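Counting in my numbering, the sequence shown runs from 16 upward without gaps. Ideal Cβ placement from N, Cα and C applies to all residues, glycine included. Bear in mind the structure is a predicted one, so any value in this text is a computation, not a measurement. Take a look at the structure set out below.
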Amino acid sequence: MTSRKVGESFLFDVREDMRLILSYEGRSMDAKNILWAILACDAYMLLFTFRLRMLCKKYRIPFLNRLLRMFQTVFYAIELGNGIHLDHGVYFVHTLGTVVGGDARIGEGCVFFGNNTIGAARFQGSPVLERHVVIGAGVRVIGKINIGEESYLGANAVVVDDIPADWSTPPSFTASLGIP
């Protein structure tokens, strides 16, 4: 776990994102791999753009924040809301059709496989994904739901209840602890 909180230092945040994404890819922090991340890794550039947006929000530059948000939507086909929190090294393997909205909190090293919806249910709060959660393709998590650390949500799961740490759902499953 990192010693600094996200948002305290833009440079620390983008470096930590770089380190964790390169680690996920099995790459070291050398010049060749850093160049690869900047030029060829959508996951890193998406996080970099998001960190720029949050910097604009922090310093109250709304037009640039909006412009960068539109850039993310057009170039990465992803919607990352203004109220969300992405911890270091969140990895979007595929961005197409992914929406993270409301006040969702995404922990360090979470992995998204695309076409996901993570967000608020009207007046009921937003999800919290703890560290190192893997979100399979097509997973939906809506409302005030907590997904425990190191959990794995299989493809097309619809999460309706809290998920404990180290838990897995099979593909196409409604994740509710009352359902076998």
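Length of the line joining the Cα atoms of residue i and residue j
{"i": "Gly-117", "j": "Gly-41", "result": "32 Å"}
{"i": "Ile-194", "j": "Trp-51", "result": "Note that Ile-194 scores 38 on pLDDT, short of 50, meaning its location in the model is unreliable; the coordinates nonetheless yield the value given after this. The straight-line gap from Cα to Cα measures roughly 44 Å."}
{"i": "Val-115", "j": "Asn-131", "result": "8 Å"}
{"i": "Asp-57", "j": "Gln-139", "result": "32 Å"}
{"i": "Cys-10", "j": "Ile-150", "result": "Because residue 10 is not part of the residues shown, which for the chain are 16 to 195, the question remains open."}
{"i": "Ile-99", "j": "Val-108", "result": "19 Å"}
{"i": "Phe-65", "j": "Trp-182", "result": "29 Å"}
{"i": "Pro-142", "j": "Lys-159", "result": "5 Å"}
{"i": "Phe-63", "j": "Val-29", "result": "6 Å"}
{"i": "Arg-75", "j": "Thr-88", "result": "21 Å"}
Exposed unless 16 or more other CB atoms sit within 10 angstroms - verdict on residue i
{"i": "Ala-119", "result": "buried"}
{"i": "Cys-179", "result": "Rather than Cys, the amino acid found at residue 179 in this sequence is Pro. Exposed is the call here."}
{"i": "Met-44", "result": "exposed"}
{"i": "Met-85", "result": "exposed"}
{"i": "Ala-135", "result": "buried"}
{"i": "Phe-127", "result": "buried"}
{"i": "Ala-46", "result": "exposed"}
{"i": "Leu-26", "result": "exposed"}
{"i": "Asp-32", "result": "buried"}
{"i": "Leu-82", "result": "exposed"}
DSSP state of residue i mapped onto helix, strand, coil
{"i": "Phe-127", "result": "strand"}
{"i": "Arg-146", "result": "coil"}
{"i": "Ala-52", "result": "helix"}
{"i": "Val-175", "result": "coil"}
{"i": "Arg-5", "result": "Any question about residue 5 goes unanswered here, given that the chain covers just 16 to 195."}
{"i": "Ala-46", "result": "helix"}
{"i": "Ile-133", "result": "strand"}
{"i": "Ile-160", "result": "coil"}
{"i": "Met-16", "result": "For Met-16, the pLDDT reaches just 47, beneath the cut-off of 50, and the residue's location in the model is therefore unreliable, leaving the point undetermined."}
Any chance you could list the beta strand (DSSP E) runs of at least 3 consecutive residues sitting entirely within the stretch 55 to 111, in chain order?
93 to 95
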